[in-house]
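> First, the structure itself, so that you have it in front of you.
Numbering (the working numbering), first residue to last: 57 to 89.
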């Protein structure tokens, strides 16, 4: 059985990594412009 806290932490980590990737793409676009 999956621990709820572990699941929540995993979701938070995924969101953080997605946000980081979005930020990187934003900076890339800014440098390209």
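Even glycine gets a Cβ: it sits at the ideal position worked out from N, Cα and C.
The structure presented is a predicted model; accordingly, all values stated were derived computationally and were not measured.
Run through DSSP, which three-state label would residue 59 get?
Position 3 of the chain shown, counted from the start, is the residue given in the question as residue 59. The answer is coil: DSSP assigns residue 59 none of H, G, I, E or B.
> Do you know how far the Cα of residue 87 is from the Cα of residue 71?
For the purposes of this step, residue 71 is taken as residue 15 along the chain shown, with counting starting at 1. For the purposes of this step, residue 87 is taken as residue 31 along the chain shown, with counting starting at 1. Whole-angstrom Cα-Cα distance: 24 Å.
> Roughly how many whole angstroms lie between the Cα atoms of residue 60 and residue 85?
For the purposes of this step, residue 60 is identified with residue 4 of the chain shown, where counting begins at 1. For the purposes of this step, residue 85 is identified with residue 29 of the chain shown, where counting begins at 1. If I take the Cα positions, the gap works out to 38 Å.
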